[in-house]
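Participant: Per this note's numbering, the very first residue in the sequence shown carries number 49; after that it's consecutive.
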Amino acid sequence: MLRLLHFSSSPSSFSSVKRYYCSNTKMVGERLLSKERKQASLRLCNVSSHMTELLELRAEKPSLHVVIIPGNPGVVQFYEQFVEAVYELLDGCASVT
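Take a look at the structure:
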């Protein structure tokens, strides 16, 4: 169970400032300091006569393939962490491009 603890501000600080602290140290150890994330690979591909950058993470035995079509900005490196997070949330059971 996650509980947020509220500590009132000290008299010397602004009265509207509130501080919240996570009281679940197990969650911090497991989620925030989790195992190293698998890195997405970048490759160039010819799509309809246009060179296109692709980011991908391939699963060993994928049960699903997720294709992400970026909007604006269309810079592929902008989506690198997102692709890696989607792969991790799907427990590595899906390939993500």
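Think of the CB as a built atom: it goes at the ideal place given N, C-alpha and C, for glycine as much as any other residue.
Determine the DSSP secondary structure at Leu-138, reduced to helix, strand or coil.
Facilitator: If you number the sequence shown from 1, residue 138 lands on position 90. Coil at Leu-138, not helix or strand.
Participant: Flag this pair as touching only if the segment 91-99 and the segment 112-132 have three or more C-beta atom pairs under 8 Å; answer yes or no.
Facilitator: Contact between the segment 91-99 and the segment 112-132 is absent, because fewer than three Cβ pairs lie under 8 Å.
Participant: Which residues does DSSP pair with Glu-101 in a beta bridge?
Facilitator: In the sequence shown, counting from the first residue as 1, residue 101 sits at position 53. According to DSSP, which records beta bridges pairwise, Glu-101 is partnered with Leu-92.
Participant: I'd like to know whether the C-beta of Glu-128 is nearer than 9 Å to at least one C-beta of chain D.
Facilitator: In summary, chain D is missing from the structure at hand, where a single protein chain is found.
Participant: Keeping to the same chain, check which residues put their C-beta closer than 6 Å to that of His-113; ignore five residues upstream and five downstream.
Facilitator: Here the question's residue 113 lines up with position 65 in the sequence shown. Once the five neighbours on either side are set aside, the close Cβ partners of His-113 are Ser-143.
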